[in-house]
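S.K.:
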Amino acid sequence: MSTMERILRLMGEKKASDIYLSAYAPAMIKINGQCLPINAQLLPADAPKALLA
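In terms of the working numbering, the sequence shown opens at residue 5 and continues consecutively.
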């Protein structure tokens with residue numbers, strides 16, 4: 005299972021409405037209007053583009 009698939013599954017489990025992917029920041033999901041990090045890992049510069057490829 006790819007990283008993006010795992011993120012999307014997590015979003016479904018948590019009923020998240022949005023995902024935010026930015027270089028040098030943790031991946032964030034929005035749950036009930038609140039943005040929360042998926043984990044503390046900072047995304048490398050190429051990660052957002054790679055996750056969507």
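Cβ coordinates follow ideal geometry from the N, Cα and C atoms, glycine included.
(1) Going by C-alpha distance, which of Pro30, Tyr28, Ile42 and Ser26 is nearest Arg13?
(2) Work out the CA separation of Gln38 and Ala55 for me, nearest whole Å.
(3) Between which two residues does the beta strand (DSSP E) holding Ile23 run?
(4) Buried or exposed for Ala20, please, with buried defined as at least 16 other CB atoms from any protein chain shown within 10 angstroms of its CB.
(5) Which two residues bound the contiguous beta strand (DSSP E) that contains Ile35?
M.R.: From the atom records:
(1) For the purposes of this step, residue 13 is identified with residue 9 of the sequence shown, where counting begins at 1. It is Ile42 whose Cα lies nearest to the Cα of Arg13.
(2) Position 51 of the sequence shown, counting from 1, holds the residue named residue 55. Position 34 of the sequence shown, counting from 1, holds the residue named residue 38. Note on identity: in this sequence residue 55 is Leu, with Ala being the wrong assignment. Answer to the nearest angstrom: the Cα atoms are 23 Å apart.
(3) For the purposes of this step, residue 23 is taken as the residue at position 19 of the sequence shown. Unbroken beta strand (DSSP E) run through Ile23: Asp22 to Tyr24.
(4) What you label residue 20 is simply residue 16 of the sequence shown in a count that begins at 1. Classification of Ala20: buried, given that the 10 Å Cβ count is 16 or more.
(5) Translated into the one-based positions of the sequence shown, residue 35 becomes position 31. Where Ile35 is concerned, the enclosing beta strand (DSSP E) stretches over Met32 to Ile35.
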